[in-house]
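One structure is given here, and the rest of the page talks about it.
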Amino acid sequence: MDKHANLLYVQDAQDNNVGHFAYIKNLSRLVSSQINKKNGQKYICRCLHYFYTNKKLEAHSVDCQRMNDCAIVLPNEEDKWLQFTHYNRKERMPFVVYADLECILQKTEEEDDDPKLYQCHQVFSIGYYVRCFYNDSLSGYRSRRDTDCISRFVEELRSLAYRVKATLSRNVPMVELTQDERDAVLYLRETVRAGRHAGS
Numbered sequence: 052m053d054k055h056a057n058l059l060y061v062q063d064a065q066d067n068n069v070g071h072f073a074y075i076k077n078l079s080r081l082v083s084s085q086i087n088k089k090n091g092q093k094y095i096c097r098c099l100h101y102f103y104t105n106k107k108l109e110a111h112s113v114d115c116q117r118m119n120d121c122a123i124v125l126p127n128e129e130d131k132w133l134q135f136t137h138y139n140r141k142e143r144m145p146f147v148v149y150a151d152l153e154c155i156l157q158k159t160e161e162e163d164d165d166p167k168l169y170q171c172h173q174v175f176s177i178g179y180y181v182r183c184f185y186n187d188s189l190s191g192y193r194s195r196r197d198t199d200c201i202s203r204f205v206e207e208l209r210s211l212a213y214r215v216k217a218t219l220s221r222n223v224p225m226v227e228l229t230q231d232e233r234d235a236v237l238y239l240r241e242t243v244r245a246g247r248h249a250g251s
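At position 26 of the sequence shown the residue is numbered 77 (the working numbering), and the sequence of numbers has no breaks.
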């Protein structure tokens, strides 16, 4: 089994956008009092299910490793370049939103009709980065951690959509050309008309 490390994200008290990660040596010691009032070590899986004995954890780990099995294929030395076709047709987007959310797996209620459905994803955290290609002051990262993070994210996307629409719908007057720029345009126009442009 691969080595699994638990990290704790600690936010700066003055700035929510700043923080750092700390390595957790003993997860049981960190979270035991938050789980229940019982003293003693808890054996915690990487999926954050906990058990009171190592034997139960090992039995769970066999299924957990298979259930969460996924293959991440990293590029190798021969196949490390990403290639695009028709990149000349690509249109630069003025705003792009990159979002990621984190979930925990919760057991479903016993009354459910489907016996295969025994866990559901419960969203507890979302982070997103808004990138503006023409004005970096409009770019920024935001995150939210609570049970209501999805509805708040949707509201913030709606608000962002209105702000972007107002920004992109604004008519910006053209900047007047300088005399040197006008001369350059006239020279290019005459060059093209005369057939002396590059490639002929």
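Idealized CB from N, CA, C, for every residue including glycine.
Neighbourhood of residue i by C-beta distance below 6 Å, restricted to the same chain and skipping five residues each side
{"i": "Leu58", "result": "Phe72"}
{"i": "Cys98", "result": "Cys115"}
{"i": "Lys93", "result": "Ser79, Ser83, Tyr101"}
{"i": "Phe204", "result": "Ile177"}
{"i": "Met52", "result": "Because Met52 carries a pLDDT of 48, less than 50, the predicted location of this residue cannot be relied on, and no value is offered for it."}
{"i": "Asn105", "result": "Tyr94"}
{"i": "Tyr60", "result": "Gly70, Phe72"}
{"i": "Ile201", "result": "Val174"}
Residue burial classification, residue i (beta-carbon count within 10 angstroms, cutoff 16)
{"i": "Phe184", "result": "exposed"}
{"i": "Ser251", "result": "Residue confidence is low: Ser251 scores 48 on pLDDT, short of 50, so the model does not pin down where it sits. No coordinate-derived value is stated."}
{"i": "Phe135", "result": "exposed"}
{"i": "Ile86", "result": "exposed"}
{"i": "Ser194", "result": "buried"}
{"i": "Leu208", "result": "exposed"}
Beta carbon of residue i nearer than 8 Å to that of residue j
{"i": "Val148", "j": "Val181", "result": "yes"}
{"i": "Cys96", "j": "Leu108", "result": "yes"}
{"i": "Phe68", "j": "Tyr192", "result": "Sequence check: residue 68 is Asn here, not Phe. Closer than 8 Å, so yes."}
{"i": "Thr32", "j": "Phe175", "result": "Missing from the structure shown is residue 32; the chain here goes from 52 to 251 and no further."}
{"i": "Tyr179", "j": "Ala150", "result": "yes"}
{"i": "Leu152", "j": "Gln170", "result": "no"}
Residues near residue i by beta carbon distance below 7 Å, same chain, minus five either side
{"i": "His100", "result": "His111"}
{"i": "Val215", "result": "Phe146"}
{"i": "Tyr74", "result": "Ala56, Leu58"}
{"i": "Asp63", "result": "Val69, Gly70"}
Distance between beta carbons of residue j and residue i, contact taken as under 8 Å
{"i": "Cys154", "j": "His172", "result": "4 Å"}
{"i": "Pro145", "j": "Leu219", "result": "6 Å"}
Contact with chain D by residue i, beta-carbon distance below 8 Å
{"i": "Glu206", "result": "Checking the listed chains, one finds no chain D in this structure; it contains a single protein chain."}
Cutoff 8 Å; reference residue i; Cβ partners in own chain excluding five residues on either side
{"i": "Leu228", "result": "Val236"}
| Runs of alpha helix (DSSP H) lying entirely within the region 54-142, each at least 4 residues, in chain order | Uninterrupted alpha helix (DSSP H) stretches at least 4 residues long and entirely within the region 54-142 occur at 78-86, 105-118, given in chain order.
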